[in-house]
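Peer 1:
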Amino acid sequence: MTSVAVLGTGLLGTAIATRLLEQGLNVHVWNRDPSRIVSLVEKGATAIDDLRQAAQNDRVLITVLRDGAATASVIGMVGALSGSTVIPMGTMGVEESRKLATQVANQGGQYLEAPVLGSKPQALNGTLLVMTGGEAQVFEAQQPVLAHLCQDPLLVGPVGSGAATKLALNQMIASLTHSFSLSLQLIQRAGVPVETFMAILRPSALYAPTFDKKLQRMLYHSYADPNFSTALLRKDLHLFLEEATTAGLQDQGLSGLLTLLEQAKGTELDERDYCALHELTVLR
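Numbered according to my numbering, the sequence shown spans residues 3 to 286.
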């Protein structure tokens with residue numbers, strides 16, 4: 003039976019661990035806050051009390067942590083990896099991922115970055131979009147594990163390419179949400195019925211399914227129970243802008259959006275669904 007350790011059991015990590023348990027894998031779990039693993043242990047997971055136990059028996063280590071710094075710290079606490087493969091599924095910068103790959107190698111392990119697009123619902127039904135970066139032989143070896151979470155895991159290139167792809171996609175989340183919010187704000191102020199606007203938008207080349215997914219939240223200002231928060235969107239957009247600067251890209255438009263998202267800091271919007279950005283597109 004394949005043995006997997008899931009390190010980090012927030013919203014996504016818990017869903018990933020639950021899916022792997024349901025698929026019959028031997029799942030071990032760890033979180034800084036032990037109360038966050040109780041429900042998983044009740045479902046059959048084994049608690050990791052000491053991170054130095056995490057890499058026993060060539061176990062696959064899936065990390066689902068807030069950022070690159072947190073991931074590097076936790077893997078450092080694991081110690082000797084003894085041939086285990088580390089698969090970070092959280093979003094991090096390109097250089098952060100490359101440095102983590104070097105750290106993992108120095109600790110005696112293998113590395114396959116595998117950031118995902120999707121959240122709790124997709125993790126639970128195995129339809130996450132997984133974009134991996136690393137060596138082909140490591141990818142091939144880990145495909146059976148990834149296949150429990152994704153219908154078609156892709157190797158997009160060497161270490162760093164998976165991280166770059168994820169940041170590129172998350173930038174589009176921010177940009178699409180912002181543009182839809184602005185359009186929605188304008189047509190409402192002009193007295194155009196929202197459904198009339200949507201009836202024109204939906205069959206057009208401009209339409210993205212996320213617009214309907216977030217429409218009701220925006221209309222009713224309802225942002226509770228997020229799968230992805232405003233704070234995380236801001237963090238990922240900041241990472242994208244760092245990579246854009248390194249790549250010599252023009253970032254003026256996006257830097258303004260980041261400034262807008264900074265206004266959520268210290269407010270209840272920060273831990274709400276990221277489409278709470280809608281509350282920031284009106285001059286106060």
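The beta-carbon is built from N, C-alpha and C at its ideal position, and this holds for glycine as well.
Taking the C-alpha atoms as reference points, what is the distance between Arg236 and Glu273?
Peer 2: Looking up residue 236 in the sequence shown gives position 234. Looking up residue 273 in the sequence shown gives position 271. Each residue's alpha carbon lies about 11 Å from the other.
Peer 1: Helix, strand or coil for Met133 per DSSP?
Peer 2: As a first step, residue 133 is located in the sequence shown; it is residue number 131 there, counting from the start. Strand at Met133.
Peer 1: Going by Cα to Cα distance, which pick from Thr248, Gly46 and Phe182 is closest to Asp214?
Peer 2: Here the question's residue 214 lines up with position 212 in the sequence shown. Nearest option by C-alpha distance: Phe182.
Peer 1: In terms of residues, what are the limits of the alpha helix (DSSP H) holding Val76?
Peer 2: Position 74 of the sequence shown, counting from 1, holds the residue named residue 76. Gly70 to Val80 is the extent of the alpha helix (DSSP H) around Val76.
Peer 1: Starting from the C-beta of Leu243, find all residues in its chain whose C-beta is less than 7 Å away, skip the five residues before and the five after it, and write them out in chain order.
Peer 2: Looking up residue 243 in the sequence shown gives position 241. Hits under 7 Å: Asp253, Leu256, Ser257 and Leu260.
Peer 1: Curious, which full-length beta strand (DSSP E) runs of at least 3 residues does the region 141-175 contain?
Peer 2: The region 141-175 contains these whole beta strand (DSSP E) runs: 156-159.
Peer 1: For Arg54, count the other beta carbons within 10 Å of its own beta carbon; 16 or more makes it buried, fewer makes it exposed. Which is it?
Peer 2: Translated into positions along the sequence shown, residue 54 becomes position 52. So Arg54 ends up on the exposed side.
Peer 1: Using the three-state DSSP reduction, which class does Pro90 fall into: helix, strand or coil?
Peer 2: Within the sequence shown, numbered from 1, the residue matching residue 90 stands at position 88. Residue state, collapsed to three classes: strand.
Peer 1: Where do the ends of the beta strand (DSSP E) carrying Leu279 lie?
Peer 2: Along the sequence shown, read from residue 1 onward, the residue named residue 279 stands at position 277. Run containing Leu279: none; DSSP gives neither H nor E here.
Peer 1: For Leu287, does the three-state DSSP call read helix, strand or coil?
Peer 2: The requested residue 287 does not occur in the structure, where the chain is confined to residues 3 to 286.
Peer 1: Could you check which residue in Gly12, Pro160, Thr283 and Leu131 has the C-alpha nearest to that of Val96?
Peer 2: Counted from its first residue, the sequence shown places residue 96 at position 94. When each option's Cα is compared against that of Val96, the closest is Pro160.
Peer 1: Thr16: buried (16+ other C-beta within 10 angstroms of its C-beta) or exposed?
Peer 2: Sequence index remark: in the sequence shown, residue 16 carries index 14 (1-based). Result: buried.
Peer 1: Between the alpha carbons of Glu264 and Gln109, how many angstroms are there, rounded?
Peer 2: For the purposes of this step, residue 264 is taken as the residue at position 262 of the sequence shown. For the purposes of this step, residue 109 is taken as the residue at position 107 of the sequence shown. Taking the straight line from one Cα to the other gives about 37 Å.
Peer 1: Please report the straight-line C-alpha distance between Thr104 and Pro90, rounded to a whole angstrom.
Peer 2: Taking the sequence shown and counting its residues from 1, the one referred to as residue 104 is at position 102. Taking the sequence shown and counting its residues from 1, the one referred to as residue 90 is at position 88. Each residue's alpha carbon lies about 14 Å from the other.
Peer 1: For the beta strand (DSSP E) that Asn33 lies in, which residues bound it at each end?
Peer 2: Taking the sequence shown and counting its residues from 1, the one referred to as residue 33 is at position 31. Run containing Asn33: none; DSSP gives neither H nor E here.
Peer 1: Give a yes or no on whether 8 Å exceeds the smallest Cβ distance from Leu63 to chain D.
Peer 2: Going by chain labels, chain D is absent from the structure shown, which holds only one protein chain.
Peer 1: Just curious, the alpha helix (DSSP H) that Val43 is in, first and last residue?
Peer 2: To locate residue 43, count along the sequence shown from 1; it is residue 41. Here the alpha helix (DSSP H) through Val43 covers Val40 to Glu44.
Peer 1: Out of Ile189, Ala166, Ala233 and Ser224, which one is the CA nearest neighbour of Glu98?
Peer 2: In the sequence shown, residue 98 corresponds to position 96, counting from 1. Closest by alpha carbon: Ala166.
Peer 1: When DSSP builds the beta bridges, which residues end up paired with Asn28?
Peer 2: One-based indexing of the sequence shown puts residue 28 at position 26. Ser5.
Peer 1: Just how far apart, CA to CA, sit Thr129 and Val118?
Peer 2: Along the sequence shown, read from residue 1 onward, the residue named residue 129 stands at position 127. Along the sequence shown, read from residue 1 onward, the residue named residue 118 stands at position 116. Answer to the nearest angstrom: the Cα atoms are 10 Å apart.
Peer 1: Alpha carbon to alpha carbon, how far is Ala19 from Val8?
Peer 2: Locating residue 19 in the sequence shown gives position 17, counting from the first residue. Locating residue 8 in the sequence shown gives position 6, counting from the first residue. In a straight line, the C-alpha of Ala19 is about 6 Å away from that of Val8.
Peer 1: Let's see if you can read the secondary structure: which residues bound the beta strand (DSSP E) around Leu316?
Peer 2: Because the chain here runs from 3 to 286, residue 316 falls outside it and cannot be looked at.
Peer 1: Comparing C-alpha positions only, which one of Met133, Ser206 and Arg204 sits nearest to Lys168?
Peer 2: For this step, residue 168 is matched to residue 166 along the sequence shown. Ranking Met133, Ser206 and Arg204 by Cα distance to Lys168 puts Met133 first.
Peer 1: May I ask you to list the residues that DSSP assigns as paired with Thr48?
Peer 2: On the sequence shown, residue 48 is found 46 positions in, with the first residue counted as 1. In the DSSP output, where bridge partners are listed per residue, Thr48 has His30.
Peer 1: Tell me whether the region 136-148 and the region 196-210 touch, counting them as touching only if at least three CB pairs, one residue from each stretch, are closer than 8 Å.
Peer 2: Contact fails: fewer than three Cβ-Cβ distances are below 8 Å.
Peer 1: For the alpha helix (DSSP H) containing Thr198, list its first residue and its last residue.
Peer 2: Position 196 of the sequence shown, counted from the first residue, corresponds to residue 198. Element bounds for Thr198: Val196 to Leu203.
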